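Engineer: Here it is, the structure in full.
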Amino acid sequence: MPGKCPILLLALALALGSARGGEAPSRPRREISVEDVLRLALERNLRLAAEKLNPERADQTVVEEQAVFDPTAYGDLRASGLKQQRKEQGDLTWQRKASATAGVVKLFELGTTLDAHVGGSRDNNNLPNALVNPAHDETAGVSLRQPLLRGFGVRVNTARIAASRNERRIALAQLHLAALQTVGDAKQAFWELVFARREREIVGRALERADKLLEIVRVRVQAADLGWDDPGLGQATANVAVRHEQVVSADDRIRRVEDFLKVITELAAEPSGWNLELVPTTEPQAGAPEVDVERAVETALAQRPDYKAAQVAIDTRDLALDVARNGLLPKLDLEASLGYMGLGSSWSRASESFDNFNHYQWTAGIVLEYPLGNRAARARYQRATLDRQQAAIQLRALERQIQLEVRNAARAVATSAERLRAAEASVKAEETRVRAEELLFREGGREEGRRRNAQDVVFAQDALADAERRRLRALIDLNAALVELERVKGTLLDSSHVLFVGE
Numbered sequence: 290m291p292g293k294c295p296i297l298l299l300a301l302a303l304a305l306g307s308a309r310g311g312e313a314p315s316r317p318r319r320e321i322s323v324e325d326v327l328r329l330a331l332e333r334n335l336r337l338a339a340e341k342l343n344p345e346r347a348d349q350t351v352v353e354e355q356a357v358f359d360p361t362a363y364g365d366l367r368a369s370g371l372k373q374q375r376k377e378q379g380d381l382t383w384q385r386k387a388s389a390t391a392g393v394v395k396l397f398e399l400g401t402t403l404d405a406h407v408g409g410s411r412d413n414n415n416l417p418n419a420l421v422n423p424a425h426d427e428t429a430g431v432s433l434r435q436p437l438l439r440g441f442g443v444r445v446n447t448a449r450i451a452a453s454r455n456e457r458r459i460a461l462a463q464l465h466l467a468a469l470q471t472v473g474d475a476k477q478a479f480w481e482l483v484f485a486r487r488e489r490e491i492v493g494r495a496l497e498r499a500d501k502l503l504e505i506v507r508v509r510v511q512a513a514d515l516g517w518d519d520p521g522l523g524q525a526t527a528n529v530a531v532r533h534e535q536v537v538s539a540d541d542r543i544r545r546v547e548d549f550l551k552v553i554t555e556l557a558a559e560p561s562g563w564n565l566e567l568v569p570t571t572e573p574q575a576g577a578p579e580v581d582v583e584r585a586v587e588t589a590l591a592q593r594p595d596y597k598a599a600q601v602a603i604d605t606r607d608l609a610l611d612v613a614r615n616g617l618l619p620k621l622d623l624e625a626s627l628g629y630m631g632l633g634s635s636w637s638r639a640s641e642s643f644d645n646f647n648h649y650q651w652t653a654g655i656v657l658e659y660p661l662g663n664r665a666a667r668a669r670y671q672r673a674t675l676d677r678q679q680a681a682i683q684l685r686a687l688e689r690q691i692q693l694e695v696r697n698a699a700r701a702v703a704t705s706a707e708r709l710r711a712a713e714a715s716v717k718a719e720e721t722r723v724r725a726e727e728l729l730f731r732e733g734g735r736e737e738g739r740r741r742n743a744q745d746v747v748f749a750q751d752a753l754a755d756a757e758r759r760r761l762r763a764l765i766d767l768n769a770a771l772v773e774l775e776r777v778k779g780t781l782l783d784s785s786h787v788l789f790v791g792e
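One gets the numbering used here by counting positions in the sequence shown from 1 and adding 289 to each.
In structure tokens form, the structure reads like this:
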């Protein structure tokens, strides 16, 4: 039974080799650059498409608030009749009346309400005291209401319009922020795809080295240089199996990153989009410029759309505070009206009487109103004051967060660049070690009095694969860190040659 174990190991090694002979079903390939990814993401990304509607919605809110100052036309047309018995004489009385009124009322930005109207009526009856029968009456007049304290001023009366315009600015800032996030996610996903495919190449080379080691072991076993029960055969066979497992995992990682990228770019919506093999064509950047952290922070505070939105929010709070402060004042309104009238037994006589402007009526007065205690207005003012203070604190907190994000991103760029340089040296050293170990094992050499075995080669191959992976990870992390630095500075669109059209 023990004698069968080496034979089984050799058979397993042969089986592993034949199992890799079959290739996975081919998929339609599509070469894609980082510029292609950005273009597709900006044109097709569904979340970004939804965000693009918010400024348009905000535009309609502005129009809605401006409509408060649109003139409003009104009209009234009535007819009535009366027939009844008088108590004194017992005879019947009757009356028929028709009237019409039309006018226009408009609110002005100063708070003024102006109402201009015209009207006419006809009254026909059998009343004994009626001097003009039928009586035709024409009227025209204008009335005005002007707040003098509460409700007075352009800023107070246009505050809702200004606030809605601020909301539009915030919507544009949020769209800008969403575009930054989309471009950042798209670039990060692209570089992760580069990592996944190159990691597949690394484990593929590791598998080739494992196959090469297994072939050396086979040759030495067949040449009786190694015994059938030598542990090197099992070590080499297990090494091949491990590398094969890593290849399977690397292939799975490629598909998962591809799927994520297809969602960002909406390539998934294309026919057979999910089955596309994406082949990145843009090379990652291997170097990084020196980052001036203080200047980067200044740039971020000038460019970050979320910081601009927070500043706009403070302006909106200032508007609300001014309105609330005005609400503390008593209501003192000037009211005035002037009307002309004409009366006659016919419309022509009524018009003649009206045209003389001898019959008129005017009124003027002041209306005062003040709630005792004025608690509601005071509460609104205190709340507006607290909201303004809160917005200022939130702006300072965001400023600190931006400083932290920029410093972390700049540090990540420098760290990744250092890691890449160290990993390059590590890979070169491990490549030399693998060649030396393979040569010693192939020739059955000794080192420090110990005969080299397959495990020594496996260890060296592991170290080389790990060094190559670290170098690749550092390279991709460097490019990801550069993307993140531009994102937290708010300049990712500019650095990606993407023009954002705002106000």
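Just so you know, even glycine gets a beta-carbon here, dropped at the ideal spot from N, CA and C. Source: prediction; values computed, not measured.
Would you give the residue range spanned by the alpha helix (DSSP H) that V601 belongs to?
Structural biologist: 594–615 is the span of the alpha helix (DSSP H), which, as asked, contains V601.
Engineer: Could you check if P560 is buried or exposed, using at least 16 other CB atoms within 10 Å of its CB as the buried criterion?
Structural biologist: P560 should be labelled exposed.
Engineer: Let me check understanding here. Comparing Cα to Cα, which of T471, P619, D540 lies closest to Y659?
Structural biologist: Looking at the Cα atoms, P619 is the closest of the given residues.
Engineer: Which residue comes first and which comes last in the beta strand (DSSP E) that contains N663?
Structural biologist: Run containing N663: none; DSSP gives neither H nor E here.
Engineer: What are the boundary residues of the beta strand (DSSP E) that Q808 is part of?
Structural biologist: Because the chain in this structure spans residues 290 to 792, residue 808 falls outside the shown range and cannot be described.
Engineer: Residue range of the beta strand (DSSP E) that N413 falls in?
Structural biologist: Element bounds for N413: 402–414.
Engineer: Excluding the 5 residues preceding and the 5 following V746 in the sequence, name in chain order all residues of the same chain whose CB lies nearer than 7 Å to its CB.
Structural biologist: Excluding sequence neighbours, V746 sits near L502, E726, E727, F730.
Engineer: Determine whether the beta carbon atoms of A495 and V529 lie at a separation below 8 Å.
Structural biologist: Not closer than 8 Å, so no.
Engineer: In the DSSP assignment, find the unbroken alpha helix (DSSP H) run with Q277 in it and report its ends.
Structural biologist: Here the chain has residues from 290 to 792 only, and residue 277 is not among them.
Engineer: Quick one: grab the DSSP three-state call for T588.
Structural biologist: Looking at T588 - three-state DSSP - the assignment turns out to be helix.
Engineer: Please classify R439: does DSSP put it in a helix, a strand, or coil?
Structural biologist: In the structure shown, R439 sits in coil (DSSP, three-state: anything other than H, G, I, E or B).
Engineer: Could you pull the start and end residues of the alpha helix (DSSP H) that S322 belongs to?
Structural biologist: No alpha helix (DSSP H) holds S322; DSSP gives it neither H nor E.
Engineer: Just tell me which of V508, A602, Y649, N647 has its CA closest to the CA of L522.
Structural biologist: Per the Cα distances, V508.
Engineer: Check whether the region 599–615 and the region 678–685 are in contact - that is, three or more C-beta pairs closer than 8 Å.
Structural biologist: Counting Cβ pairs under 8 Å, three or more are found: they touch.
Engineer: Three or more C-beta pairs under 8 Å: does that hold for the region 338–355 against the region 321–328?
Structural biologist: Result no; under three Cβ-Cβ pairs closer than 8 Å.
Engineer: I think L621 touches A467, with their Cβ atoms under 8 Å apart; what is that distance to the nearest whole Å?
Structural biologist: Going by Cβ atoms, the distance from L621 to A467 rounds to 48 Å, so no, they are not a contact pair.
Engineer: Am I right that R286 and V351 are in contact with their C-beta atoms under 8 Å? What's the rounded C-beta distance?
Structural biologist: No answer is possible for residue 286: it lies beyond the span of the chain, which begins at 290 and ends at 792.
Engineer: Hey, would you say F479 sits closer than 8 Å to L550, going by beta carbons?
Structural biologist: For F479 and L550, yes; Cβs fall inside 8 Å.
Engineer: Roughly how many whole angstroms lie between the Cα atoms of A653 and L396?
Structural biologist: For A653 and L396, the distance between alpha carbons rounds to 19 Å.
Engineer: Hey, quick one: how far does the beta strand (DSSP E) through L396 stretch, first residue to last?
Structural biologist: Element bounds for L396: 381–396.
Engineer: Have a look at R544 and D359 and give me their C-alpha separation to the nearest angstrom.
Structural biologist: The straight-line gap from Cα to Cα measures roughly 59 Å.
Engineer: Expressed to the nearest angstrom, what Euclidean distance is found between the alpha-carbon atoms of Q692 and A475?
Structural biologist: Their Cα atoms are separated by approximately 24 Å.
Engineer: With a Cβ-Cβ cutoff of 8 Å, do V695 and A577 count as a contact?
Structural biologist: No, the Cβ-Cβ distance between V695 and A577 is not below 8 Å.
Engineer: Let me confirm a value: P344 is counted as buried when at least 16 other C-beta atoms fall within 10 Å, else exposed. Which label applies?
Structural biologist: Buried: at least 16 other Cβ atoms inside 10 Å.
Engineer: Might you give, ordered along the chain, the residues of its own chain that have their beta carbon closer than 6 Å to the beta carbon of N265, omitting 5 neighbours on each side?
Structural biologist: Residue 265 lies beyond the stretch modelled for the chain, which goes from 290 to 792, so this question has no answer here.
Engineer: Less than 6 Å between C-beta atoms, sequence neighbours within five positions excluded: which residues of the same chain meet that for G779?
Structural biologist: The answer, listed in chain order, is A589, Q592, R593.
Engineer: If you compare alpha carbons, which of L399, E427, V472, A429 is closest to P436?
Structural biologist: Per the Cα distances, L399.
Engineer: Using alpha carbons as the reference points, say which of L774, D751, D766 lies closest to R532.
Structural biologist: It is D751 whose Cα lies nearest to the Cα of R532.
Engineer: Give the DSSP-derived three-state secondary structure of H465 in the structure shown.
Structural biologist: Correct three-state label for H465: helix.
Engineer: Identify, in the order they occur along the chain, each residue of the same chain with its Cβ nearer than 8 Å to the Cβ of K341, setting aside the five sequence neighbours on each side.
Structural biologist: For K341, where only same-chain residues beyond five positions count, the Cβ hits under 8 Å are L464.
Engineer: Starting from L781, trace the alpha helix (DSSP H) in both directions and tell me its first and last residue.
Structural biologist: Element bounds for L781: 781–784.
Engineer: Contact between the region 759–766 and the region 703–718 is defined here as three or more beta-carbon pairs at a separation below 8 Å; is this criterion met?
Structural biologist: Output reads yes: the region 703–718 touches the region 759–766.
Engineer: Here's the rule I'm using: 16 or more other beta-carbon atoms within 10 Å means buried, otherwise exposed. How should E775 be labelled?
Structural biologist: Under this definition E775 is a buried residue.
Engineer: Based on DSSP bridge pairs, tell me the residues matched to I655.
Structural biologist: DSSP output for I655 lists L623 as bridge partner(s).
Engineer: Please report the distance separating the alpha-carbon of Q600 from that of R444.
Structural biologist: So the two alpha carbons sit approximately 19 Å from each other.
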